[in-house]
Each structure stands twice: as structure tokens, then as C-alpha cells.
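Numbering (my numbering), first residue to last: 4 to 624. Heads up, the beta-carbon is just placed ideally off N, CA and C, and yes, glycines get one too. Since this is a predicted model, take the numbers as computed values, not measurements. The next block holds one structure in the form of C-alpha cells; read it before the comments.
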């Protein structure tokens, strides 16, 4: 499975303005078979730019306006058409006890949804008993309307979210379960045809909600220490990051301007973000294993706050996983499973699934006038996403094999710094690293797999031109490999030669040769002899991501005898196996490198600078 397939699979998560309602004008553009990774990027870019204005597949390509349904013959350069739903102004809502029809204006539900998305969280858990089952049955009916493309499909999911937000409004701060049961029973009766009355009640409750009182500032050091002692290192670091935030900002004009700058309008996909060539078909049967039981199990494991509906993970856990609701809960899980399968296998009119894609945007105060936007989506969307991932996880791991391998064998402390450094790279280099990780660069192997080139061999060494071959395999590019290695080694040598009371030996011109101590049989990259009689033997290895672990083992075996011999002449000999990937990823064994920097007196800030400098020198550009 490649990236194009993953985009289709997650069509219900990704903004469908870009994925379903917009043509990908460049999807079928021809790429010259002579272009490979050794070709200059400017040539590739100019070639693509020339082709953008040409006809594709024998006819002119034009773009449709995003958000407008389209129909007709499927053309090259755009995704298949979807069935646009009708949006009647008046919809049949149900029937009264006497059999008469109840109607509702579509605008009533749509406007109600727009209003409840601005409400503050104030919902109660669905009460047990008949009234709870009736509520779940009503919620199930709306999802069923969407699944079966009924007359109310255009607003079915919005109706479900409005029902959650209005019917579960807590009447007061001190209200009990008995009060909630009575309120829910009355509100379900109003939902049958008096939605505006129900909305007015919710609006009245929202106006009376008291503003949250500011609590005394917590003891940050105490909380941080507690988390560390419990072994929750990530939570402790996250707490320090969040503690610097001064809370939620009011929505002033300046805050809105900053938010709009951070969330620009959707744009056409750039060529550097697209994959070319054919891809394997995703079969609908793959998703048939998503059933109500998987939905229920996933709801049990889902955590977090609620989206625009105001119902958090605990609320959905009660609705979907509580066995007290018997058949009602089971039916709802089955309908959610059906909705998930449909989202994975059909192109949907995006207007009908807006409530699933919507996020609650929170502007956090970063201080000094900066804003950190946080988006909180609906819990039901998280549940759906987790269910899909459970099914396609093997394919995702296969598509991102290098990244998965790096995550497994990389050193977390250093690679967090690497991630920060990577995010600050120039845009063209950052895009290169992303495509490198996803193995979507135009190597001859990929061009052949995409049916763009008939030959997959490297034009220099005649071996299959994979990413591994280009980065660390082709014998005709040994100078490039040596440059990357020596670039890091030269930086380390100049950095460590300033250590007070030590003697440095480096396998570089201008430095004392390590062979003075090791002889000619072994020649490690760097030796650091300290005044306390200890010796650090530093061996630098720069290779491909999937070879990190093998490189570590190989160098350990190679220098085992040398370390034994040096131990006779020094009080302590420590072997520093500095194994780094082509992108600057550090192997787990590199924790000894951090220990060395610490023992020779370099503070944490200096250590971070060294790590960033090493990572920046490793990009295979």
C-alpha cells in the first residue's frame, strides 16, 4: 500500500476539499524515464511546470470549484465522481401518534448545528433505563438515515450531533441522575418536531453557565517530580510545555487574525507532494471485518475531550460500550461500523460528513502575543480512525517500513531533538526528508514500479537503484559517503579538542593519528585520552536507517580485541559506538555518546547543539 492508497483510506479524516472535490491536475502527468534521483531537481521541476498547462489524456483539464458537486465522465487527473445529495428545504421528520406527518426545515437543523458548535461543554452521561435506550435508538436512526442515503441524508449527521448537544445539556451544576432522566425524557418528546424549543432551552442553560474560576497556580516542580518518579517521563515533559501556556485566549480580532494566518485556505497540491504512477487497488472486502464489536472495543480504549458536540470519550463509551443498554447499544455500534465501511469504500458528498470532520479550535496563549491553535475533533471520528487503522495497520507499516524500523531502534532522547531540528529545515529540504522517509523519491526502482521507467537498475553500478543503493550502496558514489562521514567527524574533532586536560587523536588531516595508540591493525575514527586516565574510543558509522542495529553489532565485534588491549594501558576504556543514519537518526547505542559528553563537562545546552549540528550534517543532499 502506498501513500495514495492511504489518502483514499482516510478520506473521512482528511479535508475532502482537497481529496474528493478537487482534481489532482498532475496525477497523470508523464515523467521522463531518464529522470531519476541523480537528476537535478530544477530540471524535474521545470519539466513538471511545462506539462501543467498541457492537455492530459487527449483533452484539456479544467478544475472544478471546491465544494460544488460534479458529475459526468471520469477524466484523467481527477478522482472519481460522487453522487451529490439533494438538499430539500423541507424534510419529513417523522410521524405523530395519530399518524400525521411531521416536517422540519433543513435550515432549522443546519442553523442549530452552527449554534451548538459554539456552546461550552455542559453535557451529562446518558442515564440508564428506558429513556437512555430511547435516546440511543434516536441517535441510531439518524446515522441509519445517512448510511441508507435517505431523504434526510444531507443533514442526518448534523442532526445526530445536535441531538447529543441539546438533549444531554446539564440543567444545573448540582443536578443528579434522576434530574437528567426527567430532562432527557422531555427533550426526546420535543425532538419529535419542536427542535427550536429544545434549542432555546439549551441556549438559556448556556447563558447561565458561570465562568470558570481561576485556581491557585500549582507547584510545577512538585507535579513534575511526581510524574518523573512514577516513570511518566513523556507526561512530565508535556506538563512543562503546557505549564508555560497562560490559558485560552479570548477571540479578539487580533487572535482571529493569527488563527487565520495559521490556517490558510486550502491550496492545490504541489508536485513534490504527489506520487506518480499506478498503485494497487484497495479492495472493499478489506473493510468488511469492521463490525459493531470492533467499534465497541475501540470506544472502550478511546480517551480525550469532546469535539463540537461537547460529548467526550467517556460519554461515547457509555453510549457505545455499556451493556446496560442491551440491543440499543449493539444496534448503534453496528450502524457506526456500517458508516465506517461506507466512508472507506465510497466517495461521499462532503457536505453530508462535515460534522465528522469538524474540530473545536482552541487558541492557547503561548505568551508574548503568540497563539498555539489546538483542534479537538469529534470522538466518533477518533473511534472510526482507530478501527480503520486496526484493519490496515500491516499495510501502513509496510508503506512506512524505514520509519517504523528507525522508531524501533532509535534513541528517543536524541531523536526528539532531531525532530525539532527537522521541522526548522528549509521547505525544500524538509519536503525531501518526508519523501525520503516515505520512500517516494523518484529512484529508478520506484519509477519502474510506477510503470514510468522500463529499467530499475542504477546507471552507474547497474545494481537495482533503491534508496539504500543510492544512499549507502553505489560504489561510484563513495566520495559522497566519505564526505558525509568526514563532515560529522571533523565537527566532532574540532569540538572535542577544546576539552581541558585531554589529548585528541582523529583519523583526519591536521590531527594526531589514532594509530599512535592503536597500531596499524585497528584505526578507530577518534580517541580522547583524559587526564584521569580514561580513554574514549569513538567509532562513527553513517549508514542507511534500516542498518542502524547491524552497524552497531558489526563495530562492537570489530573492536572487541582492541578494547581489551587498550585496557592494559589505561585505567578505563569506553567504546562509543556512534551509529547515525543518513537523515541524522541516532541508534539506541548512542546513549553512551551522551554519557561521554556529560562526563567531560559539557552542559545540556552544549550537548543539544552538538546533536543538532550532527543531524544537520547527515542529510544526504
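May I have the straight-line CA-CA distance separating residue i from residue j, to the nearest angstrom?
i: residue 488; j: residue 476; result: 14 Å
i: residue 338; j: residue 258; result: 40 Å
i: residue 158; j: residue 305; result: 26 Å
i: residue 399; j: residue 329; result: 35 Å
i: residue 192; j: residue 395; result: 42 Å
i: residue 30; j: residue 358; result: At residue 30 the pLDDT is 34, less than 50, meaning the model places this residue with poor confidence; the figure from the coordinates comes in the next sentence. Taking the straight line from one Cα to the other gives about 29 Å.
i: residue 405; j: residue 617; result: Note that residue 405 has pLDDT 49, beneath the 50 cutoff, so the model's placement of it is unreliable and no number is given.
i: residue 608; j: residue 350; result: 51 Å
i: residue 143; j: residue 365; result: 30 Å
i: residue 336; j: residue 318; result: 14 Å
i: residue 438; j: residue 471; result: 14 Å
i: residue 100; j: residue 138; result: 18 Å
i: residue 300; j: residue 324; result: 7 Å
i: residue 457; j: residue 449; result: 11 Å
i: residue 478; j: residue 507; result: 31 Å
i: residue 211; j: residue 105; result: 32 Å
Judging by CA-CA distance, which residue of the options is the nearest neighbour of residue i?
i: residue 120; options: 271, 164, 298, 158; result: 164
i: residue 383; options: 596, 376, 340; result: 340
i: residue 469; options: 482, 445, 610, 456; result: 445
i: residue 455; options: 461, 447, 252; result: 447
i: residue 372; options: 285, 262, 89; result: 262
i: residue 542; options: 357, 495, 84; result: 495
i: residue 130; options: 332, 160, 296, 290; result: 332
i: residue 307; options: 105, 93, 380; result: 380
i: residue 90; options: 141, 154, 458; result: 154
i: residue 140; options: 167, 125, 124; result: 167
i: residue 600; options: 440, 144, 577; result: 577
i: residue 554; options: 572, 537, 431, 585; result: 585
i: residue 205; options: 179, 170, 388, 222; result: 170
i: residue 361; options: 348, 367, 309, 327; result: 309
i: residue 86; options: 355, 271, 208; result: 355
Helix, strand or coil, according to DSSP, for residue i in the structure here?
i: residue 589; result: strand
i: residue 356; result: coil
i: residue 375; result: strand
i: residue 628; result: This structure leaves residue 628 out entirely; the chain is present only between 4 and 624.
i: residue 168; result: helix
i: residue 509; result: strand
i: residue 397; result: helix
i: residue 310; result: coil
i: residue 93; result: strand
i: residue 102; result: coil
i: residue 363; result: strand
i: residue 351; result: coil
i: residue 175; result: coil
i: residue 606; result: coil
i: residue 368; result: strand
i: residue 328; result: helix
i: residue 301; result: helix
i: residue 547; result: coil
i: residue 616; result: helix
i: residue 460; result: strand
i: residue 31; result: Any reading at residue 31 must be qualified, since the residue scores a pLDDT of 34, below 50, and its modelled position is unreliable; the value itself is stated next. It is coil, neither helix nor strand.
i: residue 128; result: coil
i: residue 494; result: helix
Should residue i be labelled buried (16 or more other beta-carbon atoms within 10 Å of its own) or exposed?
i: residue 148; result: buried
i: residue 574; result: exposed
i: residue 135; result: buried
i: residue 251; result: exposed
i: residue 123; result: exposed
i: residue 486; result: exposed
i: residue 172; result: buried
i: residue 509; result: buried
i: residue 161; result: buried
i: residue 177; result: exposed
i: residue 369; result: exposed
i: residue 183; result: buried
So residue i and residue j are supposed to be a Cβ contact under 8 Å. How far apart are they, rounded?
i: residue 545; j: residue 583; result: 6 Å
i: residue 111; j: residue 199; result: 6 Å
i: residue 344; j: residue 293; result: 6 Å
i: residue 451; j: residue 459; result: 4 Å
i: residue 534; j: residue 505; result: 7 Å
i: residue 518; j: residue 526; result: 6 Å
i: residue 92; j: residue 109; result: 6 Å
i: residue 474; j: residue 547; result: 5 Å
i: residue 375; j: residue 128; result: Between residue 128 and residue 375 the Cβ distance is about 31 Å, and since that is not below 8 Å, they are no contact.
i: residue 88; j: residue 96; result: So it is not a contact: roughly 17 Å between Cβ atoms.
Closer than 9 Å, CB to CB, is residue i near chain C or not?
i: residue 300; result: Note that chain C does not occur in the displayed structure, where there is just one protein chain.
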